[in-house]
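Counting from 1, position 240 in the sequence shown corresponds to residue 239 in numbering that gives the first Met the number 0; the numbering is continuous, with no gaps.
Glycine included, every Cβ here is placed at the ideal spot set by N, Cα and C.
All of these numbers come straight from a predicted model, not from anything done at the bench.
What follows is a short report on a single structure.
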Amino acid sequence: MVSARTPDFASDYVAWLKDRVTQRVRGDEWAISTPFLDPFNDGVQLFVDARAPEMVLHDGGHTIDNLLTLGVAIEDSERRLALIKRALSGSPVEFAAGRLQTRATAGNFAQRAHFLLTAITRLNDLWMSAVPHSWTDFFEMVSEFLDAQGVLYTANAILPGRTVEHPIDFILQFPKKQERLVKLVAAPRPATAKLVSFTWLELMATRPQSERVVVINDVRRPDPFETETDEQFRAVSDQTIAILQGYSTKVFRWSERAAAPFADLWHPSRN
0 MVSARTPDFA SDYVAWLKDR VTQRVRGDEW AISTPFLDPF NDGVQLFVDA
50 RAPEMVLHDG GHTIDNLLTL GVAIEDSERR LALIKRALSG SPVEFAAGRL
100 QTRATAGNFA QRAHFLLTAI TRLNDLWMSA VPHSWTDFFE MVSEFLDAQG
150 VLYTANAILP GRTVEHPIDF ILQFPKKQER LVKLVAAPRP ATAKLVSFTW
200 LELMATRPQS ERVVVINDVR RPDPFETETD EQFRAVSDQT IAILQGYSTK
250 VFRWSERAAA PFADLWHPSR N
């Protein structure tokens, strides 16, 4: 009998990235193309300015430009500026001169690139706030929902993993030092699922007793031009779910938040 190979996610993930990441160098500046997608399904690019003692990694302003194209005017809305600040809270990424940027040395370059990619992924989801105020970004929706349930949590935490640090959306603390880490996936795709799974794999080495929970947004935004504004389900591929389930204690669907089992998100485990 031939036994199936136990997946080595860390090696597979790194190999997947290596096959899909390319660099173009021009003197002291270069561009890094990644397999992660923006709202227009174009590959996200990182740009590096190595002229100063510390390298500057940035998005070239494309994240904000994409939101403007989608009708989301950032500078004209204090609420949206606050969302950006909250999404970047606790990370070394800043919003300056219309772009997302962070500084890096040769020793922490991969760490800072990881943070910048995570920030770009989170802010790309702000396009949802272009519709009426009742439908804001996914982080705000989930935090307001947890607040309404009286759930106590720590938001926007940074935790050290085996090799790099990782941003966590929520940490829930329970008796007997039980801890639940929560990651939100506003736009469920295989590439995003791999990024989340890499975070879980890293944290399994440093926080092995912590539960690792994912909440995915499987609901389409209401159409502001239609009188009918009921939520609609959106398909999440089996591949995306399978990747997330590989290293997650549990995966919750936002469309099921009114169902009783969804309360397991904030209730202590029974075991």
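For residue i, does the count of other Cβ atoms within 10 angstroms reach 16, so buried, or fall short, so exposed?
i    : result
L80  : exposed
D37  : buried
H266 : exposed
V250 : buried
S268 : exposed
S90  : buried
D136 : buried
T120 : buried
V24  : exposed
I167 : buried
By Cβ distance, which residues of its chain are closer than 7 Å to residue i, with the 5 residues on each side in sequence left out?
i    : result
V141 : L183 and V214
F261 : F251 and E255
Q148 : W265
Determine the contact status of residue i and residue j, defining contact as a CB-CB distance below 7 Å.
i    : j    : result
G160 : E201 : yes
L45  : I63  : no
A118 : L145 : no
A185 : N216 : yes
Y152 : L171 : yes
V13  : W29  : no
S209 : E164 : no
A51  : D27  : no
T239 : P187 : yes
V306 : F114 : Outside the shown range of the chain (0 to 270) lies residue 306, about which nothing can therefore be said.
Look up residue i in the DSSP assignment and give the residues it is bridged to.
i    : result
L56  : V47 and T101
R25  : E28
K182 : V213
L36  : G42
K249 : V212
H165 : L158
Q148 : Bridge partners of Q148: none, in fact.
E255 : Paired residue(s): none; E255 is not in a bridge.
Which same chain residues end up closer than 6 Å to residue i when comparing Cβ atoms and leaving out the 5 residues on each side of it in sequence?
i    : result
F224 : Low confidence applies to F224: its pLDDT is 37, below 50, so where it sits in the model is not reliable, and the reading given next is rough at best. The answer is none, since no qualifying residue turns up.
F94  : I83
R98  : H57, D58 and G60
H132 : At H132, the pLDDT of 36 sits below 50, so the modelled position is not reliable; the number obtained from the coordinates is stated separately. Answer for H132: no residue qualifies.
Q22  : W29 and I31
With distances taken from CA atoms, which of the options is nearest residue i?
i    : options                   : result
V195 : A241, P174 and A234       : A241
H61  : Q100, R206 and A259       : Q100
F39  : A9, R121, L66 and A190    : L66
H57  : T162, A234 and A112       : A112
V212 : A109, E143, F169 and A204 : F169
L243 : V218, A72 and W199        : W199
V235 : P207, A204, M203 and A190 : A190
G106 : A204, T162, R233 and V150 : T162
W253 : A72, S10 and E139         : E139
Considering only residues of the same chain and omitting the five flanking positions on each side of residue i, which have a CB-CB separation below 8 Å?
i    : result
A53  : Contrary to the premise, residue 53 reads as Glu rather than Ala in this sequence. Closer than 8 Å at Cβ, skipping near neighbours: R102, A103 and T104.
G42  : S32, T33, P34, F35 and L36
R206 : L158, E178 and L180
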